[in-house]
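Written out below as structure tokens is the structure these notes cover.
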Amino acid sequence: MNRLKKEESVSTAIHSPAVVLHSRKRVQWFAYASPQNFYSLAGKMIPWFATVATMLSALGLYIGFFVAPVDSQQGDAYRIIFLHVPAAWLSMFIYLVMAGWAAAGLILNTRLSSLMARALAPTGALFTLLALWTGALWGRPTWGTWWVWDARLTSELLLFFLYAGFMTLQSDTEESRRADKAGAVLALVGVINVPVIYFSVQWWNTLHQGASVSLRSAPTMATTMLMGMLVTALGLWAYSIAVALTRVRCIILERERHAQWTAGLAS
Amino acid sequence: MIWNSWNDFFLMGGYGLYVWGAVLGSVSVIGGELLALRWRRKGALTMLSAIKSASGKMTAEDER
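One line per chain: the protein sequences are A and U, in this order. When we follow this note's numbering, the leftmost residue of the first sequence carries the number 292, and every step to the right adds one. When we follow this note's numbering, the leftmost residue of the second sequence carries the number 54, and every step to the right adds one.
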């Protein structure tokens, strides 16, 4: 195959205004690196993720509040788990995905990757806050304290500061590409915090309980409780995708406001 | 149904304050995020129409 021709076609795909994405027999994936193309793709994806999010979250919370039995030790206070654990899982997972997009933007110099990282940060930060809030409300009746500086809680709080730092670095509107790169460096350095949070209950003596769910052994909790947690977590995962895609579309509109293709979208 | 009455459901075995405090926090965070996004999108679209009408005005003047 003529190699020069193939590179030409990819470059045209990214820069031409209305790309025919399925012109050859394969999808031109690189065409989605163009903000305009990604904008419309994201627009189509959002309703699906929003629907899945609503259904799964509703189901998970129904299981947690109307099906799962009362806990023998903690009574009904334990039901906070159905909010706390999904929020905590997502706070860590979103950080990793955000750092991944930031790395892509840094290494491949693709602007849209950095915009995707920016879109994820507020959602991740909010889930971190939620994990801390619900955790405090759970800790007060069960541990007798709203807060303790143990390894798990402290590293989750640090995660919040990392999100906040990332968003603050991104707020520079003058030097936006430099802000992207600075943010990416912070995000990547902060990735080490995620395994610290995860393994903290093994590595240190913490007030926070150890893992009841692991990939290697059977869970030590009742099946209905586990199901409530997992289904809600999946629902919130779909929610965070829908929200991040919505936010990145706003960011794209803001960044591309002087481009020809956005004029057609004006209300 | 695991609850004997709606009253029992709201009391959450005495832990109602903590459980519903957690639920309220979650609803506020998620609801707040969705609202903020709606405002942001509206703001972006308004900005685009402002830019469009501003550039539209300029071309009309140029043509005279």
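Cβ atoms here follow ideal geometry from the backbone N, Cα and C, with glycine treated the same way. Remember, predicted model here, so these are calculated numbers, not experimental data.
Verify the CB distance criterion: does Glu545 (chain A) have a CB-CB separation below 7 Å to chain U?
-> For the purposes of this step, residue 545 (chain A) is identified with residue 254 of the first sequence, where counting begins at 1. Answer yes: the Cβ-Cβ gap between Glu545 (chain A) and chain U drops below 7 Å somewhere.
Using a Cβ-Cβ distance under 7 Å, would Trp424 (chain A) count as near chain U?
-> Numbered from its first residue, the first sequence carries residue 424 (chain A) at position 133. Output row for Trp424 (chain A): interface = yes.
Under a Cβ-count criterion, where at least 16 other Cβ atoms within 10 Å of its own Cβ denotes burial, should Val76 (chain U) be classed as buried or exposed?
-> On the second sequence, residue 76 (chain U) is found 23 positions in, with the first residue counted as 1. Counting Cβ neighbours within 10 Å, Val76 (chain U) comes out buried, since at least 16 surround it.
Hey, Leu566 (chain A) and Met336 (chain A): beta-carbon distance below 7 Å or not?
-> The structure shown does not extend to residue 566 (chain A), since chain A is modelled only from 292 through 558, so no value can be given for it.
With DSSP collapsed to three states, give me the class of Asp471 (chain A).
-> Numbered from 1 along the first sequence, position 180 holds the residue referred to as residue 471 (chain A). In the structure shown, Asp471 (chain A) sits in a helix (DSSP, three-state: H, G or I).
Contacts that Ser79 (chain U) makes with chain A (C-beta to C-beta distance below 9 Å) | Walking along the second sequence from the start, residue 79 (chain U) turns up at place 26. What Ser79 (chain U) touches in chain A: Leu374, Ala378, Leu421, Trp424 and Thr425.
Can you tell which of A:Ala408, A:Ala410, A:Thr419 and A:Thr497 has its C-alpha closest to the C-alpha of Val439 (chain A)?
-> Sequence index remark: in the first sequence, residue 439 (chain A) carries index 148 (1-based). Answer by Cα proximity: A:Thr497.
Using three-state DSSP, classify Gly555 (chain A) as helix, strand or coil.
-> Locating residue 555 (chain A) in the first sequence gives position 264, where the first residue counts as 1. DSSP places Gly555 (chain A) in coil when its eight states are reduced to three.
If we call anything under 7 Å between Cβ atoms a contact, is Val522 (chain A) one with Leu347 (chain A)?
-> Against the first sequence, residue 522 (chain A) aligns to sequence position 231. Against the first sequence, residue 347 (chain A) aligns to sequence position 56. Yes, these two residues count as a Cβ contact at 7 Å.
Please go through the same chain and pick out, in chain order, the residues whose beta-carbon is closer than 6 Å to the beta-carbon of Gly519 (chain A), but skip the five residues on each side of it.
-> Your numbering for residue 519 (chain A) matches position 228 in the first sequence. Same-chain partners within the cutoff: Gly351, Ile354, Gly355, Ala359 and Phe373.
What does Leu18 (chain U) reach in chain A if we use C-beta pairs closer than 8 Å?
-> Beyond the ends of chain U as shown, which are 54 and 117, falls residue 18 (chain U); an answer cannot be given.
Go through its chain and collect everything with a Cβ distance to Leu420 (chain A)'s Cβ below 7 Å, but skip five positions before and after it.
-> The residue given as residue 420 (chain A) occupies position 129 in the first sequence. Phe451.
Classification of Asn328 (chain A) by the beta-carbon crowding that lies within 10 angstroms, buried from 16 upward = As a working mapping, residue 328 (chain A) is identified with position 37 in the first sequence. Classification of Asn328 (chain A): buried, given that the 10 Å Cβ count is 16 or more.
How many Å lie between Ala322 (chain A) and Ala533 (chain A) at the Cα?
-> The residue labelled residue 322 (chain A) in the question sits at position 31 within the first sequence. The residue labelled residue 533 (chain A) in the question sits at position 242 within the first sequence. If you take the alpha carbons of Ala322 (chain A) and Ala533 (chain A), they lie about 21 Å apart.
Alpha helix (DSSP H) segment containing Phe134 (chain U), residue limits = Since the displayed chain U opens at 54 and closes at 117, residue 134 (chain U) lies outside it and no answer follows.
Chain A residues whose Cβ lies nearer than 7 Å to that of Leu88 (chain U) = Start at 1 with the first residue of the second sequence, and residue 88 (chain U) comes out as number 35. Those within 7 Å of Leu88 (chain U) in chain A number zero; the least Cβ separation is about 12 Å.
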